[in-house]
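>
Numbering (the working numbering), first residue to last: 137 to 273.
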């Protein structure tokens, strides 16, 4: 028999997931095509992160916005408990921190080490981000 099992490495679903994962590292058009064909924007792939986390870590604002528009969970966690907001705080991308906050990212969540996005920004010396995340701003 030559039937593909949904979720097997060669299945159409797995190929779409691999495509969105790869696209999140490279190109908005490919990501958009993969999402239109049914790729899951919350797929956990490369380095145990989601396309949204990777797009955030690389500063790809238009991809971040596209993924969220297509259903990416803004507060989804990695295996270390990191959220996209924490990733943006760690790399010091104030623009994406503000975008994620505007899209309802929760700044009170903590990772497996008990650190919030504010704690991560402080530890990373990201002063502009700290200003955005302070509760008294």
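The beta carbon of each residue, even a glycine, is placed where N, CA and C say it ideally should be.
Just so it is clear, the structure is predicted and the values come from calculations on it, not from any experiment.
With distances taken from CA atoms, which of 269, 239, 248 and 219 is nearest residue 190?
If we check each option's Cα against that of residue 190, 219 comes out closest.
> Would residue 209 and residue 178 qualify as a contact pair, given that the criterion is a beta-carbon distance under 7 Å?
Yes; because the gap between Cβ atoms is below 7 Å, this pair is in contact.
> Can you give me the C-alpha to C-alpha distance between residue 206 and residue 234, rounded to a whole angstrom?
So the two alpha carbons sit approximately 19 Å from each other.
> Alpha carbon to alpha carbon, how far is residue 227 from residue 196? Give it in angstroms, no decimals.
If you take the alpha carbons of residue 196 and residue 227, they lie about 12 Å apart.
> Taking a contact to mean a Cβ-Cβ separation below 7 Å, would you say residue 194 touches residue 200 in this structure?
No, Cβ-Cβ distance for residue 194 and residue 200 is not below 7 Å.
> Determine, using beta carbons only, whether residue 269 and residue 259 come nearer to each other than 7 Å.
No, the pair does not count as a contact, with Cβ atoms beyond the cut-off.
> Nearest by alpha-carbon distance to residue 244: which of 221, 232 and 262 is it?
For the residues 221, 232 and 262, the minimum Cα distance to residue 244 belongs to 221.
> Give the straight-line distance between the Cα atoms of residue 264 and residue 257, rounded to the nearest whole angstrom.
Spanning the two alpha carbons is a distance of roughly 9 Å.
> Below 7 Å CB to CB, which residues in the same chain sit around residue 242 once its five sequence neighbours on both sides are set aside?
Excluding residues within five positions, the ones whose Cβ falls inside 7 Å are 211.
> Tell me the rounded alpha-carbon separation between residue 204 and residue 188.
Going by the C-alpha atoms only, they are around 8 Å apart.
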